[in-house]
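Below: the structure, in structure tokens.
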Amino acid sequence: MTGFLTQRRMRLLNQVCWTVALCVAAIPFVFPFFWMVSSGFKSAAEIFGSPSLVPREWQWRNFIEVFNHQPFARQYFNSLYIAVTVTVLTLVVSSLAGYALARMRFAGAALIALLLVTALMVPEEVTIIPNFFMMRWAGLVDTHWPLILLPTFGSQGIMATFLMRQYFLALPKELEDAGKMDGLSRLGVWWSIALPMSRPALAAVAIITFLNSWNLFLEPLIFVSSLEKFTLPLALSNFTDPYGMPLWHLQLAATSLAVIPILVVYLIAQRQIIESFALSGVKG
Amino acid sequence: MTSLSLSNVKKHFGRVEVIRGVDLSVDDGEFVVFVGPSGCGKSTLLRMISGLEDISAGVLRIGDRIVNEVPPARRGVAMVFQSYALYPHLNVRDNMGFGLKVRKVPVDERARRVGEAARTLKLESLLDRLPRELSGGQRQRVAIGRAIVGNPEVFLFDEPLSNLDAELRVHMRSEIASLHKRLGSTMIYVTHDQIEAMTLADKIVVLRDGLVEQVGTPRELYERPDNLFVAQFIGSPKMNILPIGSVAGALPAHPYRASHVGMRPEDLELTDPGSGLVSGRVLLSEYTGASSLLHVELPDGEVFLVAYDSQMIDADTTVGLTIAPDRLHFFDVAGRRAN
Numbered sequence: 162m163t164g165f166l167t168q169r170r171m172r173l174l175n176q177v178c179w180t181v182a183l184c185v186a187a188i189p190f191v192f193p194f195f196w197m198v199s200s201g202f203k204s205a206a207e208i209f210g211s212p213s214l215v216p217r218e219w220q221w222r223n224f225i226e227v228f229n230h231q232p233f234a235r236q237y238f239n240s241l242y243i244a245v246t247v248t249v250l251t252l253v254v255s256s257l258a259g260y261a262l263a264r265m266r267f268a269g270a271a272l273i274a275l276l277l278v279t280a281l282m283v284p285e286e287v288t289i290i291p292n293f294f295m296m297r298w299a300g301l302v303d304t305h306w307p308l309i310l311l312p313t314f315g316s317q318g319i320m321a322t323f324l325m326r327q328y329f330l331a332l333p334k335e336l337e338d339a340g341k342m343d344g345l346s347r348l349g350v351w352w353s354i355a356l357p358m359s360r361p362a363l364a365a366v367a368i369i370t371f372l373n374s375w376n377l378f379l380e381p382l383i384f385v386s387s388l389e390k391f392t393l394p395l396a397l398s399n400f401t402d403p404y405g406m407p408l409w410h411l412q413l414a415a416t417s418l419a420v421i422p423i424l425v426v427y428l429i430a431q432r433q434i435i436e437s438f439a440l441s442g443v444k445g
Numbered sequence: 656m657t658s659l660s661l662s663n664v665k666k667h668f669g670r671v672e673v674i675r676g677v678d679l680s681v682d683d684g685e686f687v688v689f690v691g692p693s694g695c696g697k698s699t700l701l702r703m704i705s706g707l708e709d710i711s712a713g714v715l716r717i718g719d720r721i722v723n724e725v726p727p728a729r730r731g732v733a734m735v736f737q738s739y740a741l742y743p744h745l746n747v748r749d750n751m752g753f754g755l756k757v758r759k760v761p762v763d764e765r766a767r768r769v770g771e772a773a774r775t776l777k778l779e780s781l782l783d784r785l786p787r788e789l790s791g792g793q794r795q796r797v798a799i800g801r802a803i804v805g806n807p808e809v810f811l812f813d814e815p816l817s818n819l820d821a822e823l824r825v826h827m828r829s830e831i832a833s834l835h836k837r838l839g840s841t842m843i844y845v846t847h848d849q850i851e852a853m854t855l856a857d858k859i860v861v862l863r864d865g866l867v868e869q870v871g872t873p874r875e876l877y878e879r880p881d882n883l884f885v886a887q888f889i890g891s892p893k894m895n896i897l898p899i900g901s902v903a904g905a906l907p908a909h910p911y912r913a914s915h916v917g918m919r920p921e922d923l924e925l926t927d928p929g930s931g932l933v934s935g936r937v938l939l940s941e942y943t944g945a946s947s948l949l950h951v952e953l954p955d956g957e958v959f960l961v962a963y964d965s966q967m968i969d970a971d972t973t974v975g976l977t978i979a980p981d982r983l984h985f986f987d988v989a990g991r992r993a994n
């Protein structure tokens with residue numbers, strides 16, 4: 162009995178120690194977030210005054226000012242619809258291409274897979290100038306098309322295709338054979354068997370793509386110049402006074418609003434997000 | 656009436672020829688088993704019949720139709736896979752009805768056929784479960800059920816019991832046998848398990864290196880193997896083979912072209928040393944319950960297997976071995992049967 166109690170107490174102590182250690186380790190990650198939200202409620206003067214964790218006076222009007230300073234609602238909508246469109250398109254394109262590369266025998270399949278891996282090694286910054294010229298030639302500068310097409314068919318799309326290919330490679334071939342015996346075409350096998358079985362990979366691709374598109378900064382900076390066509394990352398950097406100095410209280414209030422969709426997605430799909438990062442080898 | 660025939664059927668993957676010209680006819684309602692060592696092409700041949708593999712050359716007929724170019728779902732065949740291949744995201748009911756749904760069979764008809772198959776296979780209580788919630792035997796029954804609902808003319812089984820434990824395998828074997836009796840359909844079954852082959856088959860096809868070595872009833876294959884390969888492949892423990900020269904003096908009259916003689920372990924009897932066909936020293940006695948298996952070393956170093964159902968015999972005992980003359984199998988230099 163004594164031994165049992167000791168063992169139980171030890172387990173409890175162990176649990177408490179771990180919890181405390183993890184809480185301490187979380188401080189560097191949680192603190193900036195807390196600081197951002199708290200500063201969003203401060204006045205410009207208080208931000209540059211003596212540092213405080215909780216605002217002395219809660220400035221709710223910062224969140225109204227954000228929408229008056231520039232067409233923030235429109236920019237918010239731009240980011241949302243672009244991220245959703247890119248995510249849906251990437252899911253369709255990467256799952257189709259990944260399936261073809263994993264399962265169909267055709268001349269050059271291995272070469273294409275190799276080219277894809279090679280393309281992953283080229284940083285986006287290297288291709289941004291040729292991409293700009295291409296988009297200008299196509300008349301798509303200062304539209305949202307480059308922000309949809311480049312992530313879908315560029316390195317993010319390739320990464321997604323590669324991830325889907327790897328996942329499809331691991332699916333048992335006998336299931337596809339069973340589908341063929343049941344009368345499915347190749348496309349039917351993809352739709353009715355391969356896709357439903359690849360939900361974890363699809364979730365990974367969806368989450369990573371959405372986050373990437375949501376956070377995209379360089380491409381909007383290069384391709385978009387009209388204020389009402391801005392996406393959130395550009396809009397956030399645009400909360401400045403006439404001299405170009407950042408208006409921190411507005412910027413941090415807007416940033417707090419900008420993280421809401423990401424927080425919602427995270428709260429809904431915590432498990433899938435962790436699995437997706439494990440699956441894709443991408444650090445969160 | 657659904658017979659099936661293969662005429663000079665060949666299959667090659669690139670330059671490698673895996674099926675090298677197979678001729679075979681399967682009668683309506685027959686249970687045919689393909690056996691052979693690993694890599695002999697038995698599963699490939701089955702997949703060619705199913706349509707999952709193309710036929711490189713030759714003609715495949717199912718019923719009156721040449722089906723070389725017909726897609727799998729239109730051949731009137733259903734296949735049961737080794738790993739069951741149940742769709743993990745669908746429950747038992749949807750797994751069984753999936754093929755019917757793809758073929759746009761009306762919902763009522765689908766439900767009726769799934770219900771009927773579930774009753775036949777005692778799966779009614781499992782219809783709403785997912786495959787991962789089923790045992791191995793239950794999964795296998797669902798896989799068979801999925802094949803049944805399509806009312807196929809020919810059933811194809813690709814080593815369907817190899818993932819089950821020994822006890823369940825015996826049970827499922829008898830279920831497949833009774834299913835064949837009940838449905839009366841043509842069935843082709845691939846296995847490497849001889850007991851399955853011998854107990855289930857009306858006709859066994861022994862394959863080696865993409866060629867048919869012998870086709871016959873289990874009894875024909877066991878009692879009159881056409882060649883040395885079949886003689887040693889069918890039967891467990893395998894047939895003892897000796898060069899004819901080493902026992903020529905002790906043998907009764909034998910065909911002049913015979914170069915090897917075969918004796919099944921269960922046909923050999925023990926006798927006093929020196930009085931039988933050969934004598935040897937007992938190396939090992941394996942007790943298996945109903946009988947013992949003696950490993951007897953002959954003077955020339957060959958080891959003979961003898962099934963022995965009396966009391967134990969100690970190692971190092973010298974024994975004589977004898978056999979009824981009509982139980983001897985003779986083979987010529989090329990390995991073909993000589994008597």
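Protein chains in written order, with our numbering: chain U, 162 to 445; chain C, 656 to 994. Note that the Cβ used here is the ideal one computed from N, Cα and C, for glycine as well.
Inset, instruction - Under the assumption that L883/C contacts H915/C (Cβ atoms under 8 Å), give the Cβ distance between them as a whole number of angstroms. - result: Position 228 of the second sequence, counted from the first residue, corresponds to residue 883/C. Position 260 of the second sequence, counted from the first residue, corresponds to residue 915/C. The Cβ separation is near 7 Å, so the contact holds.
Query raised in the report: Which of helix, strand or coil does DSSP assign to I978/C?
Result: In the second sequence, the residue the question calls residue 978/C occupies position 323. Here I978/C sits in coil by DSSP.
Residues of the region 746–764 of chain C whose Cβ lies closer than 7 Å to any Cβ of chain U, in chain order:
F753, G754, V757, R758
Item to check | Residues that DSSP places opposite I704/C in a beta bridge | outcome: Locating residue 704/C in the second sequence gives position 49, where the first residue counts as 1. Answer is none; I704/C lacks a bridge partner.
For the ligand ATP, I want to know if M703/C counts as a neighbour, meaning its beta carbon is within less than 7 Å of at least one of the ligand's heavy atoms. Although the ligand ATP was asked about, the structure shown includes no ligands whatsoever.
message = For chain C, check one thing: does any of its Cβ atoms lie closer than 8 Å to the Cβ of G259/U?
response = For this step, residue 259/U is matched to residue 98 along the first sequence. Cβ-Cβ to chain C under 8 Å: no for G259/U.
Please name the residue, chosen from V735/C, D987/C, N746/C, I799/C, that lies closest to G900/C on a Cα-to-Cα basis. Locating residue 900/C in the second sequence gives position 245, counting from the first residue. It is D987/C.
- Query: For R169/U, is the classification buried or exposed, using 16 other Cβ atoms within 10 angstroms of its Cβ as the cut-off for buried?
  - Reply: As a position in the first sequence, residue 169/U is number 8, starting the count at 1. R169/U comes out exposed.
Going by CA-CA distance only, name the one from L408/U, N399/U, E285/U that's closest to E380/U.
-> Residue mapping note: residue 380/U aligns to position 219 of the first sequence, counting from 1. With distances taken between Cα atoms, E380/U lies closest to E285/U.
- Query: Alpha carbon to alpha carbon, how far is K156/U from P357/U?
  - Reply: A question about residue 156/U goes unanswered here, because the residues of chain U that appear run from 162 up to 445.
Buried versus exposed call for Y242/U [16 or more other C-beta atoms within 10 Å across all chains shown]
As a first step, residue 242/U is located in the first sequence; it is residue number 81 there, counting from the start. So Y242/U ends up on the exposed side.
Exercise. Under three-state DSSP, which class holds K444/U?
Worked result: For the purposes of this step, residue 444/U is taken as residue 283 along the first sequence, with counting starting at 1. For K444/U, the pLDDT reaches just 42, beneath the cut-off of 50, and the residue's location in the model is therefore unreliable, although a value from the coordinates is still provided. Correct three-state label for K444/U: coil.
Under 8 Å between C-beta atoms, does H847/C make it to chain D? In the structure shown, chain D cannot be found, because the protein chains are U and C.
Under 9 Å (Cβ pairs) to chain U, residues found in the region 675–708 of chain C
R702, S705, G706, L707
- Item | Under 8 Å from the C-beta of F736/C: neighbouring residues of chain U | Along the second sequence, one-based indexing puts residue 736/C at 81. Neighbours of F736/C on chain U, chain order: E335, D338, A339.
Per-residue burial, F192/U [other beta carbons within 10 Å of its own, 16 or more giving buried]:
The count along the first sequence starts at 1 and reaches residue 192/U at position 31. Exposed, because fewer than 16 other Cβ atoms sit within 10 Å of the Cβ of F192/U.
Roughly how many whole angstroms lie between the Cα atoms of K444/U and L382/U? Taking the first sequence and counting its residues from 1, one reaches residue 444/U at position 283. Taking the first sequence and counting its residues from 1, one reaches residue 382/U at position 221. Residue placement at K444/U is flagged as unreliable, the pLDDT there being 42, under the threshold of 50; the coordinate-derived value follows with that caveat. Cα to Cα, the separation comes out at about 25 Å.
| Contact list for P357/U against chain C, beta-carbon separation under 7 Å | On the first sequence, residue 357/U is found 196 positions in, with the first residue counted as 1. By Cβ distance, chain C contributes H744.
* **Simplified DSSP state of S840/C, which is helix, strand or coil** => Counted from its first residue, the second sequence places residue 840/C at position 185. Residue state, collapsed to three classes: coil.
Report task. Check the Cβ-Cβ distances between P727/C and every residue of chain U, and say whether any is below 8 Å. Result -> Residue mapping note: residue 727/C aligns to position 72 of the second sequence, counting from 1. At least one chain U Cβ lies under 8 Å of P727/C.
* Asked: Who pairs with H984/C in a beta bridge, going by DSSP?
  -> Taking the first residue of the second sequence as 1, we reach residue 984/C at position 329. Per DSSP, G917/C.
Quick one: does G344/U have its CB under 8 Å from some CB of chain C? By 1-based counting over the first sequence, the position of residue 344/U is 183. Under the Cβ distance rule, G344/U counts among the residues neighbouring chain C, one pair being separated by less than 8 Å.
Please decide whether I368/U counts as near chain C, where near means a Cβ-Cβ distance under 8 Å. Working through the first sequence from its first residue, we reach residue 368/U at position 207. Under the 8 Å criterion on CB atoms, I368/U is classed as non-interfacial with respect to chain C.
Leaving out five residues before and five after A772/C in sequence, what residues of the same chain have Cβ atoms less than 7 Å from its Cβ?
Position 117 of the second sequence, counted from the first residue, corresponds to residue 772/C. The answer, listed in chain order, is M751, G800, I803, V804.
Item to complete: Give a yes or no on contact between the region 723–734 of chain C and the region 315–329 of chain U, applying the rule of three or more CB pairs nearer than 8 Å.
Response: no
(Q) Which residues does DSSP list as the beta-bridge partners of H950/C? (A) In the second sequence, the residue the question calls residue 950/C occupies position 295. Bridge partners of H950/C: L939/C, L960/C.
**Q.** Three-state secondary structure assigned by DSSP to H847/C
**A.** Position 192 of the second sequence holds residue 847/C. DSSP places H847/C in coil when its eight states are reduced to three.
- Query: What does A772/C reach in chain U if we use C-beta pairs closer than 9 Å?
  - Reply: The residue labelled residue 772/C in the question sits at position 117 within the second sequence. Within chain U, no residue has its CB atom less than 9 Å from the CB of A772/C, the nearest being about 14 Å off.
Distance between beta carbons of L778/C and V735/C, contact taken as under 8 Å: For the purposes of this step, residue 735/C is identified with residue 80 of the second sequence, where counting begins at 1. For the purposes of this step, residue 778/C is identified with residue 123 of the second sequence, where counting begins at 1. Incorrect: roughly 14 Å between the Cβ atoms, too far for contact.
Practice item. Spatial neighbours of L214/U within its chain, please: CB distance less than 7 Å, with the 5 preceding and 5 following residues excluded, ordered by chain position. Key: Numbered from its first residue, the first sequence carries residue 214/U at position 53. Excluding positions up to five away in sequence, the list reads S199.
Helix, strand or coil, according to DSSP, for D813/C in the structure here?
Position 158 of the second sequence, counting from 1, holds the residue named residue 813/C. Note: D813/C maps to strand in three-state DSSP.
Using a Cβ-Cβ distance cut-off of 8 Å, determine whether I354/U contacts chain C. As a working mapping, residue 354/U is identified with position 193 in the first sequence. Closer than 8 Å to some Cβ of chain C, the Cβ of I354/U qualifies, so yes.
Query raised in the report: Are the Cβ atoms of L983/C and G676/C separated by less than 8 Å?
Result: As a first step, residue 983/C must be located in the second sequence, where it is residue number 328. As a first step, residue 676/C must be located in the second sequence, where it is residue number 21. Result no, Cβ atoms of L983/C and G676/C do not sit closer than 8 Å.
query: Within the 8 Å Cβ cut-off, does A740/C reach chain U?
result: Position 85 of the second sequence, counted from the start, is the residue given in the question as residue 740/C. Interface residue, yes.
Beta-bridge pairing of E924/C - partner residues as DSSP gives them
Position 269 of the second sequence, counting from 1, holds the residue named residue 924/C. T977/C.
Review point. Taking the DSSP output, what are the residues bridged to K666/C?
Key: For the purposes of this step, residue 666/C is taken as the residue at position 11 of the second sequence. Paired residues: I674/C.
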